[in-house]
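Each remark here refers to the structure printed beneath this line.
Below is the structure:
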């Protein structure tokens, strides 16, 4: 696996939850971490190899400015982890307000799109022309290009199931899964690796941080749909999977579930 020492990592939503656990784990491996979050940084989380940048991932202008700050600080970016996200109020389509729909898709889908659209050109700037290749019986296919960048998108079991959340959140995560698959395919020959982590239930404060009032009917239906969930995971478990994906080169387009087997039920 690749050595993460001095690798520059952008992690969105890094003030808490899965993203915070991931940031801490990357730092323990010697990486340099740029933490993007709309919330002001916690002074207790300061680290010599961590910079905290206030960034609204749903704003293209904010993302462009934040990425520029990373490049101005460390001159490069090696890994992008799109972990910022909110839940909806668990409502069905008919009870979902336009405000909740827009907010959920803006953060969960447009956010990763904005980050990828801004960071990928930097990854592409690191590519080198491929060497001439002549097929042989022993080597009929050209070697894979050098890895110039890695993208890890934090999705959700709601990208695979219809009964894990409300209409807005479920739609945003299904769409993020599609965006990730397309990005993996489109840039694989350029040496950009895109993988997805699909958590199930995770012990975080995402519901409180999303500042929504759960819809009673929708919540009851989601509870019914989640009866076979084997249990919740810790954020650290998801973080370990993210760091693993940042360390390997032969996984591209992978979708790894961290859900205690919920997706298989």
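Residue numbers (our numbering): 97 to 361. Quick reminder that beta carbons are idealized off the backbone N, C-alpha and C, glycines included.
Residue i (DSSP reduced to helix, strand or coil)
i, result
"residue 209", "helix"
"residue 370", "Outside the displayed range of the chain (97 to 361) lies residue 370, so it cannot be described from this structure."
"residue 260", "coil"
"residue 330", "coil"
"residue 245", "strand"
"residue 129", "strand"
"residue 175", "strand"
"residue 146", "strand"
"residue 295", "strand"
"residue 182", "coil"
"residue 227", "coil"
"residue 107", "strand"
Neighbour-count burial assignment, residue i, 16 or more Cβ in a 10 Å radius
i, result
"residue 124", "exposed"
"residue 189", "exposed"
"residue 152", "buried"
"residue 231", "exposed"
"residue 290", "buried"
"residue 279", "buried"
Inter-residue Cα distance where the pair is residue i and residue j
i, j, result
"residue 335", "residue 118", "4 Å"
"residue 217", "residue 347", "21 Å"
"residue 134", "residue 177", "16 Å"
"residue 208", "residue 104", "18 Å"
"residue 333", "residue 240", "30 Å"
Supposed close pair residue i, residue j - CB separation, criterion 8 Å
i, j, result
"residue 91", "residue 203", "No answer is possible for residue 91: it lies beyond the span of the chain, which begins at 97 and ends at 361."
"residue 248", "residue 341", "5 Å"
"residue 355", "residue 262", "About 19 Å separates the two Cβ atoms, so there is no contact after all."
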